[in-house]
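Quick note, the sequences are listed as chains A and B, same order. Each residue of the first sequence is one higher than the one before, counting from 11 in the working numbering. Each residue of the second sequence is one higher than the one before, counting from 15 in the working numbering. Note that CB positions come from ideal geometry on N, CA and C, so glycine has one too. Okay, structure first, notes after.
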Amino acid sequence: MKIKKSQNESQLIIALEGRLDTLTAPQLEAELNASLDEIAELVFDFKDLEYISSAGLRVLLSAHKAMAKKGSMKVTNVREEVMEVFELTGFSDILTIE
Amino acid sequence: MSNVILKQADGTPVIGLIGRIDSNNAPAVEAEIQQALGSTERDELVIDAEELEYISSAGLRVILHLRKTHKELSIINVKPEVYEVLDMTGFTEMMPVRKAYRQVSIEGCEVIGKGANGTLYRIDKDNVVKVYHDADALEDIQHERETARLALVLGIPTAISYDVVRVGDSYGSVFEFLNARSFSKLIAEEPDKLDWCVQEYVELLKKIHDTRVKKGALPDMRDTALGWAKFMKDYLPEAYGDKLLRLFEAVPEDLHMIHGDYHTKNLVLQNDEVLLIDMDTLAVGNRIFELGSMFNAYIGFSEMDHEEVKRFQGFDQETANVFWRKSLELYLGTTDEEKIREVEDKARIVGYTRMIRRSIRRHGLEIEAKRIEIDHWKAELMDLLDRYDTLLFSVNELTVEAKKENLQQVIDFVDERLEKTECPMKAEMQIDMAVEEIFVNIASYAYANEDRIGKAVIRVETLEDPLRVVLTFMDNGMPYDPLAKEDPDVTLSADQREIGGLGIFLVKNTMDDVAYEYKDGKNILTIRKNL
Numbered sequence: 011m012k013i014k015k016s017q018n019e020s021q022l023i024i025a026l027e028g029r030l031d032t033l034t035a036p037q038l039e040a041e042l043n044a045s046l047d048e049i050a051e052l053v054f055d056f057k058d059l060e061y062i063s064s065a066g067l068r069v070l071l072s073a074h075k076a077m078a079k080k081g082s083m084k085v086t087n088v089r090e091e092v093m094e095v096f097e098l099t100g101f102s103d104i105l106t107i108e
Numbered sequence: 015m016s017n018v019i020l021k022q023a024d025g026t027p028v029i030g031l032i033g034r035i036d037s038n039n040a041p042a043v044e045a046e047i048q049q050a051l052g053s054t055e056r057d058e059l060v061i062d063a064e065e066l067e068y069i070s071s072a073g074l075r076v077i078l079h080l081r082k083t084h085k086e087l088s089i090i091n092v093k094p095e096v097y098e099v100l101d102m103t104g105f106t107e108m109m110p111v112r113k114a115y116r117q118v119s120i121e122g123c124e125v126i127g128k129g130a131n132g133t134l135y136r137i138d139k140d141n142v143v144k145v146y147h148d149a150d151a152l153e154d155i156q157h158e159r160e161t162a163r164l165a166l167v168l169g170i171p172t173a174i175s176y177d178v179v180r181v182g183d184s185y186g187s188v189f190e191f192l193n194a195r196s197f198s199k200l201i202a203e204e205p206d207k208l209d210w211c212v213q214e215y216v217e218l219l220k221k222i223h224d225t226r227v228k229k230g231a232l233p234d235m236r237d238t239a240l241g242w243a244k245f246m247k248d249y250l251p252e253a254y255g256d257k258l259l260r261l262f263e264a265v266p267e268d269l270h271m272i273h274g275d276y277h278t279k280n281l282v283l284q285n286d287e288v289l290l291i292d293m294d295t296l297a298v299g300n301r302i303f304e305l306g307s308m309f310n311a312y313i314g315f316s317e318m319d320h321e322e323v324k325r326f327q328g329f330d331q332e333t334a335n336v337f338w339r340k341s342l343e344l345y346l347g348t349t350d351e352e353k354i355r356e357v358e359d360k361a362r363i364v365g366y367t368r369m370i371r372r373s374i375r376r377h378g379l380e381i382e383a384k385r386i387e388i389d390h391w392k393a394e395l396m397d398l399l400d401r402y403d404t405l406l407f408s409v410n411e412l413t414v415e416a417k418k419e420n421l422q423q424v425i426d427f428v429d430e431r432l433e434k435t436e437c438p439m440k441a442e443m444q445i446d447m448a449v450e451e452i453f454v455n456i457a458s459y460a461y462a463n464e465d466r467i468g469k470a471v472i473r474v475e476t477l478e479d480p481l482r483v484v485l486t487f488m489d490n491g492m493p494y495d496p497l498a499k500e501d502p503d504v505t506l507s508a509d510q511r512e513i514g515g516l517g518i519f520l521v522k523n524t525m526d527d528v529a530y531e532y533k534d535g536k537n538i539l540t541i542r543k544n545l
């Protein structure tokens, strides 16, 4: 999985490419732990995210909880395959998806 | 001068036709033939056209008349000019017509290879001829040509002979000269290419074994192998002979292709292309028969005399061991010692059976050195027969250490098998997800209370009517039923949601069936996805 970051003052956009699974989720988790301090608006760009498993969902959920306290988080450009997983797990009701 | 000669009277009559046959002499020729044949009422009749220079439509009518009383009429040794006429008039479709074989001389030609059934000569810049040792090899040659053609059509890269010729009193097949090196040579000359050779070797092997052949198109290896097992009954204690035969009989009929002599001398690299040669042993059957002959090529034949492999393959025993071992690992998709041992042992049962029979048939039991060898193989074989109750093994099963780092290997293994079925993209992704969730569960919890890293076994089966994939996960860890856990409430808000518990929930909701049982000290989780 590739992680691309772009920051604009307190807005952070994270674009993921590839698979967010057991093996790659820790990578994203570490990235978020290191970057969220100054951030008020977190945006995920999932245009090139092909796959997500429960390990990925867990990272999204804890990011969501962390951002809820100090700002907002949204997920954009979600592909059909990933959207199905969100819907099945109720994440589509929790996350702000655009 | 007569245009007719009776070349053979006993059995199938053979009539030789000589010179020109046209409207001038056709009636006389016909009368002569009738006289030569006498009152024979056989269906078979062979017309030998070796000395026939020309035939007109009147001559062709003579043949048609003959065919009325001899329904199995065939024409052999037909010169090119005559063949053209027979072809144009449709005779080649009405009856078997065989061309005359071109004579090729091998005097002074370089010998470029020697095989079990023939010697390879280079006859000019572009061509080689394989001269068969057996003078009656015509049927074998035709068989090899047909099998090679069949393999090529089914996508197996191979060299095909384009002509059959006479070489003195023998037959030969002509091939295009390949500027190629065998894998044996490659490995001997460039040892660092060994891993690459293993890859190509196994990839092609898998392709062969995944190729289904129409029933009857190739010989059935099972029949041949049953012959070996029956032969062995006279040379083994009764109980062992019976068990050996039982094991062979229990191998089910299988219409997948096997090469039958798959070793590094029979794979060649030409430019960048890997070609399989020596197609005369091509057959269908269970893959264990292939592995048996592979074991012999690298280990079995040279077990008592390591120089033998050097003479045969051109590389030493240690290299042969490494090549065999790595090929098995890659073929089975595992480095698990137990699994590899199991498959190798089953291959040895087939291998020893074959070698003992071969040695007895070639040398009898009179030669001391050969007898010692046979006794050694027999002892090994009997030991194996004590330990195994089947020759079958699964290639749809992967055994790995249950740790997260192996997830990718597990997913690759599953995907490789899914791609052989017509598994839609979406289903494949859902299956991947299920595999990940379950394997990671096993890796995280099954052996959590133990110091060691235990094993996980993943089996993939594709079943038909309706098309479905069944995956089975097994581990020897503490009994744990992941399905017993209550589903997470997916309607809760983020604050109330627990982190975790989603994995199995996803599996349950994307698969068509999920079942758990604890049996014989094993956690067994089975999932089914209908395609």
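Would you call the CB atoms of residue i and residue j closer than 9 angstroms?
i	j	result
B:D57	B:H84	yes
B:I456	B:V428	no
B:V145	B:V181	yes
B:L485	B:V454	no
B:I541	B:I452	yes
A:L38	A:I24	yes
B:E95	B:Y68	yes
B:R163	B:V178	no
B:V227	B:M271	yes
B:V298	B:D389	no
B:L399	B:I370	no
B:V92	B:V118	no
Would you please verify whether the beta carbon of residue i is less than 9 angstroms from any beta carbon of chain A?
i	result
B:S507	yes
B:M443	yes
B:M447	yes
B:T524	yes
B:R542	no
B:Q422	yes
B:L520	yes
B:K440	yes
B:V409	no
B:E433	no
B:E451	yes
B:G129	no
B:V454	yes
Are the C-beta of residue i and some C-beta of chain B separated by less than 9 angstroms?
i	result
A:V95	yes
A:I107	no
A:S63	yes
A:S41	Looking at the sequence itself, residue 41 of chain A is Glu, so the reference to Ser does not match. Not one chain B Cβ lies under 9 angstroms of A:E41.
A:A78	yes
A:E27	no
A:T86	no
A:L38	no
A:L67	yes
A:I104	yes
A:E91	yes
A:G100	yes
Based on DSSP bridge pairs, tell me the residues matched to residue i.
i	result
B:L218	Bridge partners of B:L218: none, in fact.
B:N39	In DSSP, B:N39 forms no bridge with anything.
A:Y61	A:R29
A:T106	A:K84
B:L485	B:V474, B:I541
A:K14	A:A25
B:I363	According to DSSP, B:I363 bridges with nothing at all.
B:D62	B:G30, B:I90
Report all residues from its chain with a CB closer than 7 angstroms to the CB of residue i; omit the five preceding and five following residues, and keep chain order.
i	result
A:G66	L30, D31, A35
B:D292	G129, D275, N280
B:E214	V288
B:K244	L259
Starting from the C-beta of residue i, find all residues in its chain whose C-beta is less than 8 angstroms away, skip the five residues before and the five after it, and write them out in chain order.
i	result
B:N131	Y146, H147, D148, A151, D154, D294
B:K220	Y345
B:L405	L261, F262, A264, V265, N300, I302, K360, I363, V364
Excluding five sequence neighbours on each side, which residues of the same chain lie with their C-beta closer than 6 angstroms to the C-beta of residue i?
i	result
B:V474	N410, V428, R431, L485
A:S63	D31
B:D495	Y530
| said: Does the segment 356-374 of chain B come into contact with the segment 298-317 of chain B, if we say contact requires no fewer than three beta-carbon pairs (one atom in each stretch) closer than 8 angstroms? | reply: Cβ pair count under 8 angstroms is three or more, so yes.
| message | Quick test of the definition: if touching needs 3 or more C-beta pairs under 8 angstroms, does the segment 192-208 of chain B touch the segment 257-270 of chain B? | response | Flag = no, the segment 192-208 of chain B and the segment 257-270 of chain B do not touch.
| said: With three or more C-beta pairs closer than 8 angstroms as the rule, is the segment 93-105 of chain A touching the segment 30-48 of chain B? | reply: Contact fails: fewer than three Cβ-Cβ distances are below 8 angstroms.
| Are the segment 72-83 of chain B and the segment 44-51 of chain B in contact at 8 angstroms, needing three or more beta carbon pairs? | Using a Cβ-Cβ distance cut-off of 8 angstroms, the segment 72-83 of chain B and the segment 44-51 of chain B are in contact, since at least three pairs of beta carbons, one from each stretch, lie closer than that value.
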